[in-house]
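Novice: Per my numbering: the sequence shown ends with 292, consecutive numbering throughout.
Quick one: the structure is below, and I'll ask about it shortly.
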Amino acid sequence: MSIRPHAPAPATPAPGKLPLTELAELKARRQPIVMVTAYDAPGARLADEAGADLVLVGDSAAMTVLGHDSTVPATMDEMLILTRAVTRGARRPLVIADMPFGSFQVSDEDSVRNAIRFVKEAGADAVKLEGAGPTLSRVRAIVGAGIPVQGHIGLTPQSATMLGGYKAQGRTAEKAIRLLDDARSLEAAGCFSLVLEAVPAPVARRITADLAIPTIGIGAGVECDGQVLVWHDLLGLYQGHAARFVKRYAEVGDTIRSALEAFAADVRERRFPEEQHTYAMPDEELVTFEAATSDQREQADDRR
Ligand code: KIV
């Protein structure tokens, strides 16, 4: 685990919270780590009840809940609101706030300021940053401020345009070597774990074996130390094009649509609300009320 001994202490973990240091122990025991995204308190509570170790408030929220076509438009203010909701719902899992595009590109100082907002204002346990290269000094600065950082390499959606689209990364030997170098640099910079997105399985396996910190794969094969999926993909709530690495464990969208159709039909047929959904009042109060308002009722009936 690469939190530096001279770094200020991170925010005090809440009672019952999975200790961050446990993640390296899970890796050492070859016990897979479970990470899932969530964007609100009920979702976070369900992820906690299901035993997730890490809950990521992904900037995928821009697409899954805010209706954008990419993750780029997500703002600090939006991500803070979502992270605050998630930390209210998740007790045991560590909550990781994804730093949105623009929140860590400008300078180390700006990045530390924004990471601190996630911890102080939204109760996040850690933050995640995409990329290597210029991101390395941001990681060092944020870890130096006592905030744990998760790295993210491979397909990094915030720079999808530069990568030529949403494509698997590291598919040539040269690019795979660069990914391994980036992974080592992020570990050396102080990341406590690393997301590998859309990377060939043998490359992810090599990176995972090389690093002391846990790797969390999404489209990176089964040999990563853990796996992550996006809430809406996993549950069948997202209607857009699904990536190859998505497995839908439920079709919750269909269930919701059927329930809404049933509600709409009941409303239109006056089958809802029923007696048990309706409040009564004492008979004598009703008589008094009707007597007191009978004039108005007659006028209203005349107007109809
Ligand atoms: O934003 C997100 O949900 C992510 C995951 C895909 C790792 O970055």
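Even for Gly, the Cβ is constructed at its ideal location relative to N, Cα and C.
Based on DSSP bridge pairs, tell me the residues matched to Gln138.
Specialist: Answer by DSSP bridge pairing, in chain order: Lys116, Ser181.
Novice: In the DSSP assignment, what residue or residues form a beta bridge with Leu217?
Specialist: Partner(s): Val24.
Novice: Should the stretch 48 to 55 be regarded as contacting the stretch 30 to 39, the criterion being three or more beta carbon pairs within less than 8 Å?
Specialist: Judged by Cβ distances under 8 Å, the stretch 48 to 55 makes no contact with the stretch 30 to 39, as fewer than three pairs qualify.
Novice: Can you have a look at Ile165 and say buried or exposed, based on whether 16 or more other CB atoms are within 10 angstroms of its CB?
Specialist: Under this definition Ile165 is an exposed residue.
Novice: Between Ser48 and Leu274, what straight-line distance do the alpha-carbon atoms span, to the nearest angstrom?
Specialist: Approximately 53 Å, taken between the alpha carbons.
Novice: Going by DSSP, what residue range makes up the beta strand (DSSP E) through Asp86?
Specialist: 82 to 86 is the extent of the beta strand (DSSP E) around Asp86.
Novice: Indicate the three-state DSSP secondary structure (helix, strand or coil) for Val43 in the structure shown.
Specialist: Note: Val43 maps to strand in three-state DSSP.
Novice: Look at the alpha carbon of Thr9 and the alpha carbon of Leu248, and state the distance between them as a whole number of angstroms.
Specialist: Looking at the two C-alpha atoms, the distance is approximately 44 Å.
Novice: Listed in chain order, which residues are found with a beta carbon closer than 7 Å to a heavy atom of the ligand KIV?
Specialist: So the residues near the ligand KIV by this Cβ test are Thr25, Leu44, Gly46, Asp47, Ser48, Thr59, Asp86, Lys116, His140, Pro145, Val183, Glu185, Ile206, Val216, Val218.
Novice: At the level of alpha carbons, what is the spacing between Arg18 and Thr196?
Specialist: Their Cα atoms are separated by approximately 11 Å.
Novice: In three-state terms, what does DSSP make of Thr71?
Specialist: Helix at Thr71.
Novice: Applying the 10 Å Cβ sphere with the 16-neighbour rule, what's the burial state of Arg259?
Specialist: Label assigned to Arg259: exposed.
Novice: Cα-Cα, which of Glu257, Leu199, Asp221, Asp198 is closest to Ile206?
Specialist: Checked all of Glu257, Leu199, Asp221, Asp198; the closest Cα to Ile206 is Asp221.
Novice: From the DSSP output, in three-state form, read off Gly224 for me.
Specialist: Three-state DSSP puts Gly224 in coil, outside helix and strand.
Novice: If I follow the unbroken beta strand (DSSP E) through Gly205, where does it start and stop?
Specialist: Taken as a continuous stretch (DSSP letters only), the beta strand (DSSP E) holding Gly205 covers 203 to 206.
Novice: What does the Cβ neighbour count give for Ala208, buried or exposed, with the cut at 16 atoms within 10 Å?
Specialist: Label assigned to Ala208: buried.
Novice: Would you mind working out which of Ala176, His229, Gly158 sits nearest Pro190, comparing C-alpha positions?
Specialist: Checking every option, the nearest Cα to that of Pro190 belongs to Gly158.
Novice: DSSP three-state label for Ser99, please.
Specialist: It is helical.
Novice: Going straight from the alpha carbon of Pro(-7) to that of Val131, what length do you get?
Specialist: Unreliable placement is indicated for Pro(-7), whose pLDDT of 42 sits below 50; the coordinate value is still reported in the next sentence. Their backbone Cα atoms lie some 11 Å apart in a straight line.
Novice: Applying the 10 Å Cβ sphere with the 16-neighbour rule, what's the burial state of Asp170?
Specialist: Answer is buried; the Cβ neighbour count reaches 16.
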